[in-house]
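Counting along the sequence shown from 1, when you hit position 83 you're at 227 in our numbering, and nothing is skipped either side.
Think of the CB as a built atom: it goes at the ideal place given N, C-alpha and C, for glycine as much as any other residue.
Data first, discussion second: the structure below is written as structure tokens.
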Amino acid sequence: MTRSTQLLGVSNAIVDILAHVDHDFLERIGAAPGSMTLIDEDRAAEIYAMMGPATEMSGGSVGNSVANFARLGGQAAYIGRVADDQFGGVFNHDMTSLGVEMRLPPQTRNAPTARSYVLITPDGQRTMQTYLGACTELAVTDINDDTVGRPAIVLIEGYLLDTPEGPEVVARVMSMAQAAGARIALSLS
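Structure representation (structure tokens):
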């Protein structure tokens, strides 16, 4: 059976981890204030171990848009890749608690769930250290009639184009959405 929805988001599933830090912390990890740096899995684990208390929540530009659409009463679904781990659980819990239908199960192999450490200094400046992990493993084989369904609108994140199968994923989602008569929007972030 084909599933219908008002809004389908397709993007990099990333957990935002917000922590208040001082400038010394940024120096210790070698981060320039206000910067965004991509980090690898080992560095992500190292920084997390150094951080104090933090707030963990689902994130990403399209993920946030879909969550807020559902929060306002819209019928929303989401396609994005997370792992079956602590942060994948955070992402799925946050989205489903707002009424977003998650169209992919967490993966049980390969990379951990993506996360972005949002380090906030006393002056309010945000510095991001981002590990992309599982979100880059969204594959063309994940895009099918069951995951796409019959949306009225599809919102695709432009960052998907930077992932290994991203261009093919985006092309397939767009083709299926057009065939279903959906309107398509591409976020540039």
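Nearest neighbour of residue i, chosen from the options [CA to CA]
i	options	result
G339	E185, A220 and L248	The question about residue 339 has no answer, for the chain in this structure spans 145 to 333.
S202	Q322, Q219, L162 and L330	L162
N156	N208, R225 and I264	R225
S260	V317, L332 and I191	I191
V284	S148, P311, A324 and R327	P311
G302	F235, L332, E245 and V165	L332
T280	E185, R147, H167 and D168	E185
A329	H167, A193 and S205	S205
D168	N236, L263 and E200	L263
Three-way DSSP call (helix, strand, coil) for residue i in this model
i	result
I287	coil
E309	coil
Q322	helix
M145	Summary for M145: the model assigns pLDDT 47, below 50, so the residue's position carries little reliability, and this model does not support an answer.
V165	coil
Q273	strand
G204	coil
L334	Because residue 334 is not part of the residues shown, which for the chain are 145 to 333, the question remains open.
L182	strand
R172	helix
T257	coil
Inter-residue Cα distance where the pair is residue i and residue j
i	j	result
V313	T291	12 Å
R132	G217	Since the first and last residues shown for the chain are 145 and 333, residue 132 lies out of range.
S334	A198	Absent from the model: residue 334. The displayed extent of the chain is 145 to 333, so no value can be given.
T265	G174	14 Å
L170	S209	29 Å
M145	D267	Below a pLDDT of 50, predicted positions are generally treated as unreliable, and M145, at 47, falls in that range; no measurement from the model is reported.
L299	G153	5 Å
M362	T271	Residue 362 cannot be examined here, being either before or after the span of the chain that is shown, 145 to 333.
I110	L282	Lying before the first or after the last residue shown, residue 110 is absent from the chain, which here runs from 145 to 333.
A193	Q230	15 Å
N236	E200	12 Å
Pair within 9 Å by beta-carbon distance, residue i and residue j
i	j	result
A189	Q273	no
A258	L242	no
Q322	A220	no
I183	I287	no
A315	G293	no
A278	P295	no
V159	M195	no
R147	E245	yes
Contact with chain D by residue i, beta-carbon distance below 9 Å
i	result
Q219	In summary, chain D is missing from the structure at hand, where a single protein chain is found.
Given 8 Å as the limit, is there contact between the region 301-321 and the region 174-189, that is, 3 or more CB pairs closer than that?
no
Does the region 249-268 come within contact of the region 213-221, defined as at least 3 CB pairs closer than 8 Å?
Verdict: no, contact absent.
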